[in-house]
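Residue numbers (our numbering): 3 to 66.
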């Protein structure tokens with residue numbers, strides 16, 4: 003399994019969501035960040051062209 007490049011990014015979350023993620027991470031024996039990243043991937047899939055965005059083709063509408 004190859005690791006994708008990573009970078010630090012600071013943000014704020016609703017307290018109730020963060021508490022739920024922390025609890026779920028303990029229950030699943032996963033890192034909180036893994037669950038948050040999985041959620042981000044699901045949002046990209048839900049709102050069209052998620053695969054393109056994951057490939058770094060943001061703003062590329064295919065017209066040349």
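For every residue, glycine included, the Cβ atom is placed at its ideal position computed from N, Cα and C. A quick note: this is a predicted structure, and the numbers were derived from the prediction, not measured.
8 angstroms Cβ cutoff met for residue i and residue j
i          : j          : result
residue 48 : residue 34 : no
residue 26 : residue 37 : yes
For residue i, the three-state DSSP class (helix, strand or coil)
i          : result
residue 25 : helix
residue 5  : coil
residue 18 : helix
residue 12 : coil
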